[in-house]
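This report refers to the structure that appears directly beneath it.
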Amino acid sequence: MSDYIVLVKQVPDVSQITDNAFDPETGTLIRTRLASVINELDTQALAFANYMKKISGEADGQIIALTMGPPMAEEVLRYSLSRCADKVVLLTDRALGGADTVATANPLAFTVRKIVKEILKNDNDYYVVSGMQSVDGDTAQVPPQMAEELSLPCIAYVTDAEFKNNRFEFTRIISGGSQVVAAKKLPAVVTVAKYEYPLFATFTKTRWANETEVITWASEDIKATHIGVKGSRTAVIRVFPPGKSTRKCQQLSDAKSLAKVLAESLKGGNGEAGEGAEAQAVRYVLPDKRASLLDRSFEGTKKEQEDYGILADKLKELGIKDADQIDDKARKKVLAAAGKNFHKKALEDMINGLKLTEPTFKGEVWVVAEHSDGVVHPATFELTGKARDLADSLETKVGVCLAGYKVEPMAKELIAAGADNVYVIEDKLLDVFDATAHRKAIADAINTYWPQIVLYAATPQGRMLAPMVSYRVECGLTADCTGLDIRDGSRTGNIGILLQTRPALGGNVMATIRTKNSKSQMATARPGVMKRIPSDPSRKGQVIKHKVEISKNDVSLEIVKTELGTGDVNFGADVIVSGGKGMQSRDNYEQLVGALCDGLSKKLGTQVERGASRAAVEQGFIERVHQVGQTGTAIGPKLYVALGISGAIQHMIGVANTETIVAINSDPNAPIFKQCDYYIVGTVEDTVPQLVQALGSA
Ligand SMILES: Cc1cc2nc3c(=O)[nH]c(=O)nc-3n(C[C@H](O)[C@H](O)[C@H](O)COP(=O)(O)OP(=O)(O)OC[C@H]3O[C@@H](n4cnc5c(N)ncnc54)[C@H](O)[C@@H]3O)c2cc1C
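Adding 323 to a residue's 1-based position in the sequence shown gives its number in my numbering.
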């Protein structure tokens, strides 16, 4: 009989964020200005655990909800009791505050151990179930890191479950399709990507929930090894508002006006291509390669750059070229020039920083390759391009870690794309991606060669593998980066470190993060953001074979079935018309997307291809090979027309490099309207036929 430990989290209601929710000085979120709610995906996880219990037919299975947070987080536990939880546990302690994902996963894993010992009486037939990610962090790192701490299999991005032959089989999202898997052993961690059957509370249940004991533990009760700021391996160094969208976001009132825009769209200049692309910062130069050792223009924050600017100007004025020549007299003069900018202690730190020239981290810049059926994932090439850029400024080499079976032939392409060394780990058991087996292989290679930076693609595979590897090799990890730069933090003794910039709080803020307490700096980066460098087949590189013993026990999941898109699609076309769930039916999709494709093809004299959202594919409106997005194909046409598509991040990542995006949606508040160039509020049934007609006369 299985029991279920469900992770639930209280989060700020990011859908209600207004400008006054941020501190104008620091740019940080003032939590008290926002209502707290239960993380939506955790409500789905709770309902999913209840569903698992139901389909297993084991009515005695317990559901235990667990949260870590301030005392008021008790509210999400009462919510859980009023729905389906039998018992609830609150882990609360000031010492746990300010934690990154490692210092969250670690105490949660230790709490699970205590729950298993004291509540489940050491019965190991249990699942830890959680939402795929929380809206405040958006990292999806905590569940796989917990799995790593507890040495459990992790099944991420689950959308459905079946109970067959006395075990659960889970359907999960993977790149290019979906897969049915089962854990080879229990316990296991499951993360839920979508389960849209919410549970509701009855009055009786709510009364019971309010009277039921909340088991409350503090950090000393669980004896975790990594807690709070001290136990964290990353630190936020800057929070700032995201740049304004370069999309026009212009509403058009009727189909005729839209037809005109479409007719002009291929002439260029309508929209900004590559909006999702990383902003180019000035390339980093190592301190001893700069014109002067006093040049500290590569500090990580504007304030540090300004302070070092004041110091350098004054030292120049005094004819001082070296930090060792700064005597008491010079110090006084610098402090007088600094005014309120910095004081004595800070000046000493800055002077010590001036003496540093060696990068804090040593080794190559690595990319962990993703591939399937002998084909390298496009995101791996993008990361190799980025790694080349970072490695050149750090004057080191680019390594690509390629684990699988019969994968060596791919090394050539990776070298042409910018790699100096390709570390090949081959084993038959690595033929199909299994997070635990691949984690073992990659972690072993990292432990042997210790690169200073390791980059992974923020695909479902990378977002699962990276937390497990980084936790195992005891390094910090930043998720979903959209910016990666080398900079100094000379004052704090950091030279040539990787600054990792990512959106947080549902894209409402940007945060720049650095790694601490780690031997290597690790990040996942969003596909479509970094730039691939042109392939150069004449580039020379080395293939280094790395042997890792993989046994059957290292493989954690049994793959029951994999469904991947097959067939031909020309996503290189200038124009792509996609239909979403809002198309309502396969017939509608056929008729409306078909008619608009024909209309545009005639009008613009170019090839037009059909695309779709994942939801439309799941509804059976069109074959999977047409799916656009994070787990479909990332495209960059001149014109993208989205019909009945809401604009979920996983979809929009795939169209970020489009020149002009046009949307038709019946919901005036559809998120896609904030990420497109032109839109019409209206149903596809009404608007598309009018548009096709108008195109004929435009
Ligand atoms: C790990 C992971 C990976 C994913 N990868 C992808 C991916 O690669 N690609 C992808 O697309 N999604 C992906 N998703 C799913 C994504 O989160 C969204 O669920 C999906 O994009 C929603 O598709 P949709 O916009 O068609 O459906 P919905 O979000 O349901 O939106 C339908 C829209 O249609 C509108 N509508 C309804 N009726 C009409 C009408 N008659 N006329 C006009 N408008 C109408 C509605 O207002 C709504 O905005 C992924 C999710 C996860 C968790």
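Every residue gets a Cβ at the ideal spot worked out from N, C-alpha and C, and that includes glycine.
- With fewer than 16 other beta carbons inside 10 angstroms of its own, Asn-876 counts as exposed.
- Residue range 465-473 is occupied by the alpha helix (DSSP H) that includes Pro-466, with no beta strand (DSSP E) assigned at that position.
- When DSSP states are grouped into helix, strand and coil, Trp-540 belongs to the strand group.
- If you check the C-beta of Met-787 against ligand 1, you find no heavy atom less than 7 Å away.
- DSSP places Ala-547 outside both helix and strand once states are collapsed to three, so it counts as coil.
- Only residues of its own chain outside the window of five on either side were considered, and among them Ile-738 have a CB closer than 8 Å to the CB of Lys-863, listed in chain order.
- By the Cβ neighbour-count rule, Val-698 is exposed, with fewer than 16 other Cβ atoms within 10 Å of its own.
- Just so you know, the alpha carbons of Val-513 and Cys-407 end up roughly 18 Å apart.
- Secondary-structure assignment with DSSP links Gln-648 through no beta bridge to anything.
- Residue pairing for Ser-359: DSSP places it in a beta bridge opposite Pro-335.
- The DSSP-derived three-state label of Gly-895 is coil.
- Put simply, of Val-435, Gly-454, Val-452 the residue whose alpha carbon is nearest the alpha carbon of Asn-445 is Val-435.
- Each of Thr-703, Ile-776, Ile-674, Glu-681 was checked against the Cα of Ala-714, and the nearest Cα belongs to Ile-776.
- With a beta-carbon spacing of about 6 Å, Cys-798 and Lys-842 fall inside the 8 Å limit used to define contacts.
- Within the DSSP secondary-structure output, Thr-527 pairs in no beta bridge.
- Per DSSP, Ala-479 is one residue of the beta strand (DSSP E) stretching across 477-487.
- Of the residues assessed, His-666 falls on the exposed side of the cut-off, its CB having fewer than 16 other CB atoms within 10 angstroms.
- For Tyr-402, the uninterrupted alpha helix (DSSP H) segment begins and ends at 397-406.
- Taking the Cβ of Tyr-480 as the reference point, at least one heavy atom of ligand 1 falls within a distance shorter than 7 Å.
- Counting along the chain, the unbroken alpha helix (DSSP H) around Ile-633 starts and ends at 625-640.
- Relative to Pro-701, the option among Phe-563, Asp-645, Lys-854, Ser-474 whose CA is nearest is Lys-854.
- For Asn-980, the Cβ stays outside the 7 Å cut-off from all heavy atoms of ligand 1.
- A residue is called buried when at least 16 other Cβ atoms come within 10 angstroms of its Cβ; Gly-816 does not meet this threshold and is exposed.
- According to the DSSP assignment, Met-833 belongs to the beta strand (DSSP E) that extends over 832-838.
- Where Ala-764 is concerned, there is no enclosing beta strand (DSSP E), although the alpha helix (DSSP H) around it starts and stops at 758-772.
- Listed in chain order, the non-local C-beta contacts of Glu-492 below 6 Å within the same chain comprise Glu-485, Val-503, Ala-505, Val-883, local neighbours out to five positions each way being set aside.
- Ser-936 places its beta carbon less than 8 Å from that of Lys-904.
- Around the CB of Ser-813, 16 or more other CB atoms lie within 10 Å, so the residue is classed as buried.
- Contact between the stretch 891-907 and the stretch 781-794 is absent, with fewer than three C-beta pairs closer than 8 Å.
- Residue burial annotation: Glu-671 is exposed, with fewer than 16 other C-beta atoms found within 10 angstroms of its C-beta.
- Around the Cβ of Ser-901, a 10 Å sphere holds 16 or more other Cβ atoms; the residue is buried.
- When C-beta atoms of the stretch 545-558 are compared with those of the stretch 412-424, three or more pairs fall below 8 Å, so the two segments count as touching.
- With respect to the 8 Å criterion, Leu-389 and Gly-454 are not classified as neighbours on the basis of their beta carbons.
- If you compare the alpha carbons of Glu-1008, Ala-939, Val-688 with that of Gly-500, the shortest gap goes to Ala-939.
- The DSSP-derived three-state label of Asn-445 is coil.
- Following the DSSP letters along the chain, one finds Tyr-794 inside the alpha helix (DSSP H) bounded by residues 783-795.
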